[in-house]
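First comes the structure, then the notes that go with it.
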Ligand code: SF4
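Residue numbers (my numbering): 464 to 872.
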């Protein structure tokens, strides 16, 4: 099988731009009439011509979402366990050059934070650290995972690039999913954005999802930070990466995250800001291209935007979010988070709002079969069901009509 770097090289930036500028409306409509889309079709849906057919693309995206996901929306919450970082990513508030009070949780402190999240009803958690391998080492992350494992049905990681051996260590500790943001798939831009630190190694980061897949992760996620490059460039490369991973690991869930760049400590000039209309175009094109892939939308987006993205492709959202380290169980609060969030809804509020939209919030959709007996799985599922219904204080309204958000020009 062709490697992903080789596949990406088949799609140089000039080829992407040319298609994005020159695709016609007829070509877009022809793509929408196909059953299965190829990479060239995905690029066609990201074109200027496609931006004038957003309603048609959204209708197909809606049908695909209902076909493969029903009205289920998975909920998770992030748990930042260390913001010490040796990198100097120009767009990030945790950049080593930004002077802010840093916090690194002990395993006991991480457990206390995790317990607070568990007691709030969360069952899927995502662990995050800065890139400081000597402090937030793989063995430290594994210790945290082993300690908090009894509290959660699913533990994911969003940490620095690891070796195959380190991913294996974390899989055996209890991690079942990972997300790796390549940030940008343009190696020259990537080099400028990451002036120093281990993250500067573009190729090593690009290979991280494959190493994690080889280590046995149940679910892999990729994403680019939208706003760094011209619209069609990183959106296409991200979809291509996910598409390649679905072929490389046919039995593995391959998801996509869609972060748009946010304000942070320090300053960063966003040269290619993605407006709401292009954002919707990207999500709907992704859903048509990769109908089975979960799409995650974080609290970088407003409640209004996140609510309206559910019918057209988003299937995973976070709730009860803090991007700072600590503070849920103690007074040990980090003053600054990694970035400003736009959606501050708690888990019950999110569950309630999802129900109002005619969708079903899923707090837990996974139980490690190697960890528990059938009887324990049954008892646990009953407990979780009761917890879910306790959170659903509102009645479930009938399906609301497909409605796109009011789009910015
Ligand atoms: S993006 Fe990640 S690696 Fe880069 S400075 Fe922020 S925390 Fe560190």
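A virtual CB, placed ideally from N, CA and C, is assigned to each residue, including glycine.
Tell me the residue span of the alpha helix (DSSP H) that contains residue 642.
Counting from 1 along the chain shown, the entry for residue 642 is found at position 179. From DSSP, residue 642 is part of no alpha helix (DSSP H) but of the beta strand (DSSP E) over 640-646.
Start-to-end residues for the beta strand (DSSP E) that takes in residue 539
On the chain shown, residue 539 is found 76 positions in, with the first residue counted as 1. 535-545 is the extent of the beta strand (DSSP E) around residue 539.
How would you call residue 485, buried or exposed, if buried means at least 16 neighbouring beta carbons within 10 angstroms?
Here the question's residue 485 lines up with position 22 in the chain shown. Result: exposed.
If I measure Cβ to Cβ from residue 675 and keep anything under 7 Å in the same chain, skipping five residues before and after, which residues do I get?
Sequence index remark: in the chain shown, residue 675 carries index 212 (1-based). Result list for residue 675: 630, 641 and 683, in chain order.
Measure the CB-CB distance between residue 527 and residue 789 and report whether it falls below 8 Å.
Looking up residue 527 in the chain shown gives position 64. Looking up residue 789 in the chain shown gives position 326. Contact flag unset, no.
What runs of the beta strand (DSSP E), each 3 residues or longer, lie entirely inside the stretch 693-732?
716-720
Environment of the ligand SF4 in chain order, Cβ to heavy atom below 6 Å
548, 550, 552, 555, 557, 558, 593, 594 and 662
In chain order, what residues of the same chain have a beta carbon less than 6 Å from the beta carbon of residue 464, not counting five sequence neighbours either side?
Numbered from its first residue, the chain shown carries residue 464 at position 1. Scanning its chain for C-beta atoms nearer than 6 Å, with the 5 sequence neighbours on each side dropped, one finds no residue around residue 464.
Need the endpoints of the alpha helix (DSSP H) that residue 788 sits in, please.
Taking the first residue of the chain shown as position 1, residue 788 is located at position 325. Per DSSP, residue 788 belongs to no alpha helix (DSSP H) and is neither H nor E.
What are the boundary residues of the beta strand (DSSP E) that residue 591 is part of?
Residue numbering aside, residue 591 sits at position 128 when the chain shown is read from its first letter. Per DSSP, residue 591 is one residue of the beta strand (DSSP E) stretching across 587-592.
Going by other Cβ atoms of all chains shown within 10 Å of its Cβ, with 16 needed for buried, is residue 472 buried or exposed?
Here residue 472 corresponds to residue number 9 of the chain shown, with the count starting at 1. Label assigned to residue 472: exposed.
In this structure, how does DSSP classify residue 602 when only helix, strand and coil are distinguished?
The residue given as residue 602 occupies position 139 in the chain shown. Residue 602 falls in the helix class under three-state DSSP.
Please identify the residue among 740, 725 and 784 whose C-alpha is closest to the C-alpha of residue 553.
By one-based count along the chain shown, residue 553 stands at place 90. Comparing alpha carbon positions, the residue from 740, 725 and 784 closest to residue 553 is 725.
Residue 616 to residue 827 span [Cα, whole Å]:
What you label residue 616 is simply residue 153 of the chain shown in a count that begins at 1. What you label residue 827 is simply residue 364 of the chain shown in a count that begins at 1. Straight-line Cα distance between these residues: approximately 7 Å.
Short Cβ contact (8 Å threshold) for residue 749 with residue 702:
The count along the chain shown starts at 1 and reaches residue 749 at position 286. The count along the chain shown starts at 1 and reaches residue 702 at position 239. Cβ atoms of residue 749 and residue 702: closer than 8 Å.
Just the C-alpha distance for residue 588 and residue 536, rounded to the nearest angstrom, thanks.
To locate residue 588, count along the chain shown from 1; it is residue 125. To locate residue 536, count along the chain shown from 1; it is residue 73. Taking the straight line joining both Cα atoms gives about 15 Å.
Residue 582 to residue 614, Cα distance in whole Å?
Residue numbering aside, residue 582 sits at position 119 when the chain shown is read from its first letter. Residue numbering aside, residue 614 sits at position 151 when the chain shown is read from its first letter. Approximately 9 Å, taken between the alpha carbons.
For residue 662, count neighbouring Cβ atoms within 10 angstroms of its own Cβ and tell me buried if that reaches 16, exposed if not.
Residue 662 sits at position 199 when you count from the first residue of the chain shown. It counts as buried.
Leaving out five residues on either side along the sequence, give the residues of the same chain with a beta carbon under 8 Å from the beta carbon of residue 864.
Within the chain shown, numbered from 1, the residue matching residue 864 stands at position 401. Residue placement at residue 864 is flagged as unreliable, the pLDDT there being 37, under the threshold of 50; a coordinate-derived value is accordingly withheld.
N-terminal and C-terminal residue of the alpha helix (DSSP H) that residue 740 is part of:
Translated into positions along the chain shown, residue 740 becomes position 277. Run containing residue 740: 739-752, per the alpha helix (DSSP H) assignment.
Residue from 770, 681, 680 and 698 with nearest C-alpha to residue 818:
As a first step, residue 818 is located in the chain shown; it is residue number 355 there, counting from the start. Comparing Cα positions, the closest option is 770.
DSSP beta-bridge partners for residue 620?
On the chain shown, position 157 is the one that residue 620 refers to. For residue 620, which the question treats as bridged, DSSP gives the partners 590 and 641.
Give every residue of the same chain whose Cβ lies closer than 6 Å to the Cβ of residue 667, excluding the five residues on either side of it in the sequence, and list them in chain order.
Within the chain shown, residue 667 is the residue found at index 204, counting from 1. Correct list, in chain order: 624.
When you compare the CB positions of residue 700 and residue 687, do they come within less than 8 Å of one another, or not?
Locating residue 700 in the chain shown gives position 237, counting from the first residue. Locating residue 687 in the chain shown gives position 224, counting from the first residue. Yes. Within cutoff.
Between the C-alpha atoms of residue 501 and residue 762, what's the straight-line distance to the nearest angstrom?
Position 38 of the chain shown, counting from 1, holds the residue named residue 501. Position 299 of the chain shown, counting from 1, holds the residue named residue 762. Using only the alpha carbons, I get a separation of about 31 Å.
Quick one: what's residue 823 bridged to in DSSP?
Counting from 1 along the chain shown, the entry for residue 823 is found at position 360. Answer by DSSP bridge pairing, in chain order: 535.
By the DSSP assignment, the beta strand (DSSP E) with residue 781 in it spans what residues?
Position 318 of the chain shown, counted from the first residue, corresponds to residue 781. For residue 781, the uninterrupted beta strand (DSSP E) run begins and ends at 779-781, by DSSP.
If we call anything under 8 Å between Cβ atoms a contact, is residue 524 one with residue 747?
The residue labelled residue 524 in the question sits at position 61 within the chain shown. The residue labelled residue 747 in the question sits at position 284 within the chain shown. Yes. Within cutoff.
Determine the DSSP secondary structure at residue 568, reduced to helix, strand or coil.
Position 105 of the chain shown, counted from the first residue, corresponds to residue 568. The answer is coil: DSSP assigns residue 568 none of H, G, I, E or B.
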